[in-house]
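Structure, as structure tokens:
Numbering (my numbering), first residue to last: 17 to 407.
Here it is in structure tokens:
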């Protein structure tokens, strides 16, 4: 054993010849090329359609994709999963592959191993992909679709109009083309869940708060109702801010402050000359509003008066969680507006102009009348001519 060690030691001390160096270099280079080749083949395999849909949790997704123009079209050009979801550049591609390890982990956990579980997570997964695509300016879309090669005039008239508007605004592909290869998720599920949570916690979170906000439209009563409450003498609109004066059972007495236009005293708004509806009233209730001095709005020459009124409302229709209410409005805006184009920022327009924009947009959404009222007020309260512009 000692002799062998001595021989090895002496051999290592001998000068290395050029032929030995060359041989080692060739072996190393060959090994590297072989290793890289094997890695490239493996990487390409993980980009194949067959690999992507090999998980049973992708079965439903695959069936949706087969009905899309990305799978079958007049030109016979097919975009497979990796064309849309895997970057072409090596660096970004390797990062994407490493990040995909979480998919393996969730497969082990069974996060989306049934159609029901998949649907429950569809909106969450879609938002994650949309956010990524927006951050990269729809990089993977542009690997096939080039603006320079696009003849907009060969598109349908409506598509031409929308495409030109999108290009002028600098919108990215995914802003308008959500659901192009997969079924759109139920966009309302996010904000409906938030509303249910707000509603469930409304009384608990508002117990001793002096300032509350309307979760929904609710009747307004001059006196605390006994028995069947009925319609009341007015109606409070969503997001209206109120001051708590008294609590009694299921009802609270509140004070609403706002502005009343001269000659239109049955309607109270949140700001002078801004049609941000807070409360509508019958004549009897409108007569009880305490009014201040008249002020003329210089832009419209209309006369306005500050006003306040006290009345009773159901406690369950109000919350003190203004932050949660803001998140609810933002989620609704994202669901309603973000499905067809990039979401507009509230601070881009004045409050009154949002009325027309929301009215024009609502027919293209699944929003109900109550949702539209809340969404309109959400944008108006953050309009560019309001103190909290954009927030």
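Note that CB positions come from ideal geometry on N, CA and C, so glycine has one too.
Check, Outcome
"Alpha carbons only, please: which of 89, 82, 284, 108 is nearest the one belonging to residue 97?", "82"
"Taking Cβ positions, are residue 270 and residue 261 nearer each other than 8 angstroms?", "yes"
"From residue 210 to residue 343, what does the alpha carbon distance come to, in whole angstroms?", "8 angstroms"
"Check whether the stretch 194-207 and the stretch 77-96 touch, using three or more Cβ-Cβ pairs below 8 angstroms as the test.", "yes"
"Where do the N-terminal and C-terminal ends of the alpha helix (DSSP H) with residue 200 fall, by residue?", "Where residue 200 is concerned, there is no enclosing alpha helix (DSSP H), given that its DSSP letter is neither H nor E."
"What is the C-beta distance between residue 190 and residue 146, in whole angstroms, given that I count them as a contact (C-beta under 8 angstroms)?", "6 angstroms"
"Buried or exposed: residue 362, going by 16 or more other Cβ atoms within 10 Å of its Cβ?", "buried"
"Under 8 angstroms, do residue 255 and residue 216 count as touching if we go by C-beta distance?", "no"
"Measuring alpha carbon to alpha carbon, tell me which residue in 326, 208, 330 is nearest residue 245.", "330"
"By DSSP, does residue 120 sit in helix, in strand, or in coil?", "helix"
"If we count the other Cβ atoms within 10 Å of its Cβ and call it buried at 16 or more, is residue 115 buried or exposed?", "exposed"
"Do residue 307 and residue 1 have their beta-carbon atoms positioned less than 8 angstroms apart in this structure?", "Here the chain comprises residues numbered 17 to 407, so residue 1 is not present and cannot be evaluated."
"Kindly confirm or deny that the stretch 278-294 and the stretch 389-401 touch, where touching means at least three C-beta pairs closer than 8 angstroms.", "yes"
"Does the stretch 159-178 come close enough to the stretch 309-329 to have 3 or more Cβ pairs within less than 8 angstroms?", "no"
"Could you pull the start and end residues of the alpha helix (DSSP H) that residue 348 belongs to?", "338-353"
"First and last residue of the alpha helix (DSSP H) that includes residue 98?", "97-101"
"With distances taken between CB atoms, is the gap from residue 241 to residue 328 smaller than 8 angstroms?", "yes"
"Which residue's Cα is closest to the Cα of residue 257: 159, 294, 235?", "294"
"What's the call for residue 86, buried or exposed, on a 16-neighbour Cβ count within 10 Å?", "buried"
"Out of 124, 259, 350, 65, which has the shortest C-alpha to C-alpha gap to residue 143?", "350"
"Kindly indicate which three-state DSSP category residue 374 falls into: helix, strand or coil?", "helix"
"Assign residue 4 to one of two classes, buried (16 or more other C-beta atoms within 10 Å of its C-beta) or exposed (fewer than that).", "Nothing about residue 4 can be reported from this structure: the residues present for the chain run from 17 to 407 only."
"In terms of residue numbering, what span does the alpha helix (DSSP H) encompassing residue 81 cover?", "75-82"
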